[in-house]
Structure formats: structure tokens, C-alpha cells
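Heads up: the structure comes next, in C-alpha cells.
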Amino acid sequence: MRSFRNRLRHKHLKALSTGSMAGLTPVFLMIFIGLWWDTHCTGYFGSTEYYMPRFVEVSHHVSAWIDDYRAEHSCLPDSLQIDWLTASEWEENVYSEDRKYNSVSFQYVQCTDDDGYKLVDLDGRARFVSTSDSSWFSYCYWDFEADTVIWVKQSVNASVPMLR
40 MRSFRNRLRH
50 KHLKALSTGS
60 MAGLTPVFLM
70 IFIGLWWDTH
80 CTGYFGSTEY
90 YMPRFVEVSH
100 HVSAWIDDYR
110 AEHSCLPDSL
120 QIDWLTASEW
130 EENVYSEDRK
140 YNSVSFQYVQ
150 CTDDDGYKLV
160 DLDGRARFVS
170 TSDSSWFSYC
180 YWDFEADTVI
190 WVKQSVNASV
200 PMLR
């Protein structure tokens with residue numbers, strides 16, 4: 040009986056001295072659950088920090104396609120026939136990206152007065168505006184102290200660092 044206890048104690052002491060990954064399993068599990076919770080349940084994928092760079096990235100790709108179409112046909116397209124965009128069944132000129140898990144949705148609006156166009160997100164927070172001579176982004180932010188809306192205009196070149 041005594042030798043059996045000593046063997047168990049020896050085995051336990053040996054596992055403690057050499058280290059066991061099984062002992063750290065609860066720690067790794069809590070880290071994994073915490074990171075999963077932070078990214079999926081706290082609203083990060085709906086936040087401005089996540090959405091604005093994605094809107095900029097999609098706008099750059101769509102505007103390149105529209106500019107190529109304009110150069111080839113000398114007019115703006117009536118609708119966007121880009122293979123990674125899905126057109127809405129219920130609204131006209133509303134598209135969503137289907138390449139990623141959380142897609143960016145926007146409306147394509149033609150401006151008839153200056154041969155330009157806008158890509159407006161469905162919340163109205165971000166817009167990509169392109170005219171014949173310039174392009175820019177404008178973002179809508181709420182000023183909670185004054186309870187007003189602030190529009191920030193940013194050039195296309197200044198928005199490229201948002202992608203990184």
C-alpha cells in the first residue's frame with residue numbers, strides 16, 4: 040500500500056516538475072473564449088473601425104470598374120455587373136459584396152448634372168463621390184455634445200492608409 044502511494048505521489052510530482060500542457064488547458068480555453076467573444080459578440084464587425092476601411096476597399100474596386108466602363112463606353116453604367124457584387128432583389132441599384140463574411144452594402148447613384156456618381160452606404164454614414172475631375176470620400180459622424188452631424192471630406196489618396 041505504501042509503495043502504491045509513493046508511486047502516485049512520485050508520478051504527480053514528476054508531472055508538476057516537468058510541466059504539463061493539460062494543466063494549462065483551462066487557461067488556453069479562457070483565452071480562446073475571450074477572443075471569440077470580443078470579436079463576435081461585442082459588435083466589432085458592425086463598428087465604424089471595422090466598417091469604414093472595408094467600405095473604402097470596396098469603393099476603390101467598384102470605382103476602378105466604373106472608370107474602366109466609362110473609358111470604354113464613354114458613359115456611366117446603368118447598373119453594376121461586377122461578378123463579386125450581388126444586386127438587391129427589392130431595391131434598385133443596391134449592391135452587396137459577397138466575397139467576405141460580413142458584406143458591405145451600398146447604393147449606386149448617378150449624378151446627371153456633372154457626369155459623376157456616388158456610392159452611398161445604406162446607413163448614410165459614408166459616401167464615395169466621383170466627378171469628372173475629382174473623387175473623395177465623405178463620412179458622417181455624430182457630435183454628441185452639440186447633437187449635430189459632422190461631415191468629414193477626405194481625398195481618395197488620404198483614405199488609402201485606412202486599408203492598412
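Position in the sequence shown (first residue = 1) + 39 = the working numbering.
The C-beta atom is built at its ideal place from N, Cα and C for all residues, glycine as well.
In this text, all values refer to a predicted model and were calculated from it rather than measured experimentally.
Closest to residue i by CA distance: which of the options is it?
i	options	result
S142	N132, V148, E130 and D160	D160
Y147	I105, H49 and T87	I105
A110	S144, D154 and P65	D154
S135	F176, S98 and D77	S98
Q149	G163, T87 and V168	V168
D117	T151, S86 and V66	T151
G163	T87, S113 and R48	T87
Let's see if you can read the secondary structure: which residues bound the alpha helix (DSSP H) around residue i?
i	result
E111	T87 to H112
L68	T64 to H79
What residues in its chain sit with their C-beta under 6 Å from that of residue i, if we drop five residues either side in the sequence?
i	result
V133	S127 and Q146
K157	V148, R166 and V168
Less than 9 Å separating the beta-carbons of residue i and residue j?
i	j	result
L119	V101	yes
L124	D107	no
Counting only the same chain and skipping the five closest in sequence on each side, list residues whose C-beta sits under 8 Å from that of residue i.
i	result
K53	none
K50	none
W75	none
Leaving out the 5 sequence neighbours to the left and right, which residues in its chain are closer than 7 Å to residue i when beta-carbon positions are compared?
i	result
L202	In this predicted model, L202 has a pLDDT of only 44, less than 50, meaning its place in the structure is not dependable; the value taken from the coordinates is given anyway. So the list reads P92, V95 and E96, once near-sequence residues are dropped.
F71	none
D122	none
Consider the C-beta atom of residue i and the heavy atoms of the ligand HEM; say whether any pair is separated by less than 8 Å.
i	result
V101	Among the components modelled here there is no ligand, and therefore nothing to report on the ligand HEM.
Could you spell out where the beta strand (DSSP E) holding residue i opens and where it closes?
i	result
V143	Premise fails: V143 is in no beta strand (DSSP E) and is neither H nor E.
D160	G155 to D160
R166	A165 to S169
E131	Taken as a continuous stretch (DSSP letters only), E131 belongs to no beta strand (DSSP E), as it is neither H nor E.
L124	L124 to A126
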